[in-house]
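Engineer: Structure below; questions to follow.
Pasting the structure below:
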């Protein structure tokens, strides 16, 4: 079968859409899970802190590829039929949540102890202090690194091609084998990732300067 340039671009655009969708799902779900891990990580009780710390170290200390394999093949061992899409979304969500929780923990701890003490002097509970005093200030610090980490999430989706999820990299691999034009195809694949990642990197840089978190 002969592929025209339009055929190649059309298929790559489809793969790009799946890459974008997977990135959004992983980032949103990972953000929600990461917030829960963060709350456990800074909890006054020792057990939740240790569990959250272990969770973060586990997913930060192992390759994303291994996590993907464990989710994809591990769930199958339980007799549950899992699709590459579901496995990819779950693995990337776990990966994202661990990193976001640690990023946000650093932002929360950057808020001076005096803020906590001032809230305590107003008889505010720990939850109220977090909600009304600490987290709003930490959010200002967290915006830039959070947006910057989204670039890693987008690039991480490329690993999911190994389990058959047809995102941009997998689509490019199939087209390269079919057209015998790997340089051209992978050039377009690289361009696709650049078009997704560069605006995010630029946004993180501008947000960091605008918020002036180092001041």
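Numbering (the working numbering), first residue to last: 777 to 991. Every residue, glycine too, gets a C-beta built ideally from N, C-alpha and C. Note that the structure is predicted; figures quoted are calculated from it, not measured.
#1: Alpha carbon to alpha carbon, what distance is there between residue 860 and residue 796?
#2: Kindly give me the distance between the Cβ atoms of residue 948 and residue 788, rounded to whole angstroms, as I take these residues to be in contact under 8 Å.
#3: Along the chain, where does the alpha helix (DSSP H) that runs through residue 808 open and close?
#4: I need the straight-line Cα distance from residue 951 to residue 969, nearest angstrom please.
#5: Taking only three categories from DSSP, how would you classify residue 943?
#6: Among 778, 786, 779, 793, which has the Cα closest to the Cα of residue 934?
#7: Got a sec, what are the start and stop residues for the alpha helix (DSSP H) residue 822 sits in?
#8: Classify residue 804: buried if its beta carbon has 16 or more other beta carbons within 10 angstroms, exposed otherwise.
#9: Is the separation between the beta-carbon of residue 865 and that of residue 831 shorter than 9 Å?
#10: Check each candidate in 919, 920, 889 and name the one with the smallest Cα separation from residue 906.
#11: Would you mind working out which of 896, 876, 828, 824 sits nearest residue 928, comparing C-alpha positions?
#12: Going straight from the alpha carbon of residue 858 to that of residue 981, what length do you get?
#13: What residues in its chain sit with their C-beta under 7 Å from that of residue 919, if we drop five residues either side in the sequence?
Structural biologist: According to the data block:
#1: Here the question's residue 796 lines up with position 20 in the chain shown. Here the question's residue 860 lines up with position 84 in the chain shown. If you draw a straight line from the Cα of residue 796 to the Cα of residue 860, it comes to about 16 Å.
#2: The residue given as residue 948 occupies position 172 in the chain shown. The residue given as residue 788 occupies position 12 in the chain shown. Contact between residue 948 and residue 788 holds, with the beta-carbon distance rounding to 7 Å and staying under 8 Å.
#3: Along the chain shown, one-based indexing puts residue 808 at 32. Per DSSP, residue 808 belongs to the alpha helix (DSSP H) from 781–817.
#4: Taking the chain shown and counting its residues from 1, the one referred to as residue 951 is at position 175. Taking the chain shown and counting its residues from 1, the one referred to as residue 969 is at position 193. Rounded to the nearest angstrom, the gap between the Cα atoms of residue 951 and residue 969 is 16 Å.
#5: Indexing the chain shown from 1 puts residue 943 at position 167. Looking at residue 943 - three-state DSSP - the assignment turns out to be coil, as it is neither helix nor strand.
#6: For this step, residue 934 is matched to residue 158 along the chain shown. Considering only 778, 786, 779, 793, the residue with the shortest C-alpha distance to residue 934 is 793.
#7: As a position in the chain shown, residue 822 is number 46, starting the count at 1. It spans 822–836 - the alpha helix (DSSP H) in which residue 822 sits, taken as one unbroken run.
#8: One-based indexing of the chain shown puts residue 804 at position 28. Exposed.
#9: The residue you call residue 865 lines up with position 89 of the chain shown. The residue you call residue 831 lines up with position 55 of the chain shown. A distance of 9 Å or more separates the beta carbons of residue 865 and residue 831.
#10: What you label residue 906 is simply residue 130 of the chain shown in a count that begins at 1. The shortest Cα separation from residue 906 among 919, 920, 889 belongs to 889.
#11: Position 152 of the chain shown, counted from the start, is the residue given in the question as residue 928. Residue 876 holds the alpha-carbon nearest to the alpha-carbon of residue 928 among 896, 876, 828, 824.
#12: As a first step, residue 858 must be located in the chain shown, where it is residue number 82. As a first step, residue 981 must be located in the chain shown, where it is residue number 205. Roughly 38 Å separates the two Cα atoms.
#13: The residue labelled residue 919 in the question sits at position 143 within the chain shown. Excluding residues within five positions, the ones whose Cβ falls inside 7 Å are 983, 987.
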